Amino acid sequence: MNIAIISFHGCPVARLGEKDTGGMNVYVLNLAKELGELGHTVDVFTRFHDPSDPRKVDMGPGATLIHVEAGPPGQEKADLPMYIDEFVAKVSSTEISEGRSYDIVHSNYWLSGKAGSILSTRWKIPHVVTF
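Numbering follows the numbering used here, in which position 109 of the sequence shown is assigned residue number 229; successive positions increment by one, without gaps.
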């Protein structure tokens with residue numbers, strides 16, 4: 121199964137203890153790794169949080185983190201909703217430019233859920249949200 125995981129505001133490979141990092145980051149990282157280990161192909165989409173972030177990060181067999189530009193890095197969480205449409209557009213263009221297609225979208229938290237809802241409608245696939 122090809123799975124798109126949306127983690128709009130929290131990067132799964134961010135250093136724990138930094139601003140806005142914690143349990144959700146660990147959960148998304150381990151979920152992606154475990155699904156990859158089971159033979160699924162998993163792309164985790166998140167915003168660039170630091171200008172030095174690499175565009176792609178290999179998280180293990182079958183699991184890739186993809187940073188997309190959507191608003192300036194370091195943006196306050198309260199301001200992030202205004203960048204959801206930009207994020208969705210960048211995820212969609214990545215899907216097209218890299219010839220990817222997905223069977224399901226899994227979003228984490230309400231900001232990701234809004235983005236995932238738009239993407240699942242656009243891609244005509246199921247959407248699961250975890251809070």
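All C-beta atoms, glycine included, are put in the ideal place defined by N, C-alpha and C. Just so it is clear, the structure is predicted and the values come from calculations on it, not from any experiment.
Query	Result
List the endpoints of the continuous alpha helix (DSSP H) containing leucine 239.	229 to 243
Using CA coordinates, which residue listed in Leu239, Ser237, Asp173 and Thr166 is at the minimum distance from leucine 92?	In the structure as shown, the chain starts at 121 and stops at 251, and residue 92 therefore has no counterpart that could be examined.
Determine the extent of the beta strand (DSSP E) in which alanine 183 is found, giving its start and end residues.	183 to 188
Would valine 208 and leucine 239 be called neighbours here (beta carbons separated by less than 8 Å)?	yes
Less than 8 Å between the C-beta atoms of isoleucine 186 and alanine 235, yes or no?	no
Assuming contact is defined by CB atoms lying nearer than 8 Å, are isoleucine 125 and valine 162 in contact in what I supplied?	yes
Please list, in chain order, all residues of the same chain as threonine 214 whose beta carbon is under 7 Å from its beta carbon, the five residues on each side excluded.	Ile186 and Val188
Report all residues from its chain with a CB closer than 6 Å to the CB of glycine 180; omit the five preceding and five following residues, and keep chain order.	Lys153 and Gly156
How about glycine 182 and glycine 159: are their beta carbons less than 8 Å apart?	yes
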